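K.L.:
2 is the number of the first residue of the sequence shown in our numbering; add one for each residue after it.
Beta carbons are placed, not taken as given, at the ideal position from N, Cα and C, and that holds for glycine.
The structure displayed is predicted, hence computed values, not measured ones.
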Amino acid sequence: MFQENISLRPFHTFGIGVQAQSYASFTSQKAFKTVFAKAKKPVFVLGGGSNILFTKDFKGTVLKNDIRTKRIGKRKGDKTIVHIGGGVNWHQFVRWAVKKKLGGVENLSLIPGTVGASPIQNIGAYGVEIKDVFIQAKCIAIESFTYKGKSIEIGDVLIIAHEEAEFGYRNSIFKNELKGKVVIVRVTYALTHRNHKLNTSYGAIQTQLAQMKIKRPTIENISDAVISIRQSKLPDPKKIGNSGSFFKNPYVSLATLKRLKKKFPNIPNYPVDDKTVKLAAGWLIQESGWKGYRDGDAGCYPKQALVLVNYGNASGQDILRLAKKIQKSVKQKFGIDITPEVNIL
Ligand code: EPU
């Protein structure tokens, strides 16, 4: 069941040539418990590997979540509940929902990764975040810890409901208090089977739908539009290694925005609340001169500066070095700190 000294290159989208001391996959909750008990520790549980940068070999066991169940549950009002295995490919789940005319995740088409990873960083695109449809995650503890005053032992099941998940922009309890402590084996979402709340507020979606000559879009039209937009801007990880956006878009105060606007009147910014705005890290990086930059096989993608890429044989350290240079120059030019969105291991 375990493979020793195996290359992790095929198991994550950055395509970095690191090795794991030991590797195994699991296809059910029961299989996970068996394999986890036998695994050399520490254990790292991998989903689609689409939000991770490996910077060194992994000493321990990488376990790949391959739980691929899909179950349609109850209907309640306009909503249909679905229970999806953590190892299901995210985009495959989206297209499955689209085919069944279930709405809510179409704007999240073509995001790489798995269902189990979706709540960790509260994946989002084109005005929709996973928190909008998330009901709960079924998790298994891989460490002993205390949660809400209760002691949790290895192997215990923990249900994290929406109100406990502490969702924020690219953030959740799984990136904080529960980081490295649980594996998400199943996620429950509420999708709409009627009265869909289609979100076409993003200019890029409107432009794409107009190009497709669609006036009254269906769920499938929106999914198709998002696929086209993403394909035109973002590198396909099967061809060029990457982890999507490498950095988060920074939040700054209105006072900071005012200061920046004096020098950079065209700076893109999006309101968050009455004191805060979000800046576009891609623009900050572009204006700092990095868009299209390449050093060896590590680069900043020419069509979207927020994406760092591995053109072939870059090491995790090469990517990290480039990321640090970019952070430093954005700080120098704008006085703004940008922080990675990807997990660095
Ligand atoms: N921009 C530039 N140059 C660039 C990139 C962006 O000037 O090289 C400008 C754009 O012109 C626009 C603004 O920055 O004015 C925002 O760009 P875009 O709409 O492409 O979105 P983003 O903020 O760069 C975020 C998400 C993406 C998601 C898109 C669409 C983050 C960290 N990234 O990118 O998510 O697909 O919005 O909703 O929030 C991901 O997380 O991996 C990801 C791809």
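Give the C-beta separation of G87 and V188 to the nearest angstrom, bearing in mind that I take them to be a contact with Cβ-Cβ under 8 angstroms.
P.N.:
Sure, about 7 angstroms apart at Cβ, within 8 angstroms.
K.L.:
Figure out for me which residue from A142, Q137, S233 has the closest Cα to the Cα of A1.
P.N.:
Limits of the chain in this structure are 2 at one end and 346 at the other, which puts residue 1 out of reach.
K.L.:
DSSP three-state call for F335: helix, strand or coil?
P.N.:
helix
K.L.:
Rounded to the nearest angstrom, what separates K329 and D58 at their Cα positions?
P.N.:
Taking the straight line from one Cα to the other gives about 27 angstroms.
K.L.:
Going by alpha carbons, who is nearest to L210 out of G242, N222, I131?
P.N.:
N222
K.L.:
Ligand 1 heavy atoms versus the CB of L54: any closer than 6 angstroms?
P.N.:
no
K.L.:
When you compare the segment 108–126 with the segment 230–241, are there three or more beta-carbon pairs, one atom per stretch, that lie closer than 8 angstroms?
P.N.:
yes
K.L.:
State the beta-bridge partners of Y271 as determined by DSSP.
P.N.:
K279
K.L.:
Which residues does DSSP list as the beta-bridge partners of G86?
P.N.:
R187
K.L.:
Give the DSSP-derived three-state secondary structure of K180 in the structure shown.
P.N.:
coil
K.L.:
Would you call the CB atoms of G293 and F15 closer than 7 angstroms?
P.N.:
no
K.L.:
Can you find the residues in the same chain that come closer than 6 angstroms, C-beta to C-beta, to S202, ignoring five residues on each side of it along the sequence?
P.N.:
G128
K.L.:
Could you please give the first and the last residue of the uninterrupted beta strand (DSSP E) stretch that includes K65?
P.N.:
59–66
K.L.:
Just mark I345 as buried or exposed, buried being the case when its beta carbon has 16 or more other beta carbons within 10 Å.
P.N.:
exposed
K.L.:
Label P218 either buried or exposed according to how many other C-beta atoms from any shown protein chain fall within 10 Å of its C-beta, with 16 as the threshold for buried.
P.N.:
buried
K.L.:
Could you tell me whether the segment 35–53 touches the segment 318–337, using the rule of 3 or more Cβ pairs below 8 angstroms?
P.N.:
Per the Cβ contact rule, the segment 35–53 is not in contact with the segment 318–337 (fewer than 3 Cβ pairs under 8 angstroms).
K.L.:
Would you kindly check if the distance between the Cβ of G114 and the Cβ of G48 is under 7 angstroms?
P.N.:
yes
K.L.:
Considering only their Cβ atoms, is the gap separating K249 from R171 smaller than 7 angstroms?
P.N.:
Yes; because the gap between Cβ atoms is below 7 angstroms, this pair is in contact.
K.L.:
Can you list, in chain order, the residues of its chain whose CB lies under 8 angstroms from that of T277, leaving out five sequence neighbours each side?
P.N.:
Y252, V253, S254, L255
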